[in-house]
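What follows is a short report on a single structure.
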Amino acid sequence: MQTPNVIGVLCADSGALPLCYRGTLHSSAAAVVSQLLSLASTLDSESSLSPPVITLQSAKSKLVITKEGAITVAVHKASQ
């Protein structure tokens, strides 16, 4: 995690199984982030053109979830 403010990373495969995780994000979060992304894609009929991007934000950090090919990616960043 060489990018400033990144405190956690999680990658999950198409079956919601964790491929890698570092920092604040743990393997147990793989199913949750995959399901959130799946639900978000049902909200927009045009989402098949590009994957949704979910941002969950608090006062101290934010979590960004999206898909790169078949891989679900979650990045946890500390607020500046």
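The numbering of the sequence shown is my numbering, which starts it at 1088 and goes up by one. From the three backbone atoms N, C-alpha and C, an ideal C-beta is built for every residue, glycine too. All figures in this text were calculated on a predicted structure; none of them were measured in a lab.
Asked	Found
Three-state secondary structure (DSSP) of S1114	helix
Exposure label - H1163; buried when at least 16 CB within 10 Å	buried
Counterpart residues of P1105 in DSSP-defined beta bridges	A1099
Inter-residue Cα distance where the pair is A1103 and L1150	17 angstroms
Neighbourhood of D1131 by C-beta, 8 angstroms cutoff - its chain only, sequence neighbours within 5 removed	P1139
Residue-chain proximity (T1142, chain E), Cβ-Cβ < 7 angstroms	Within the model displayed, chain E is absent; a lone protein chain is all it includes.
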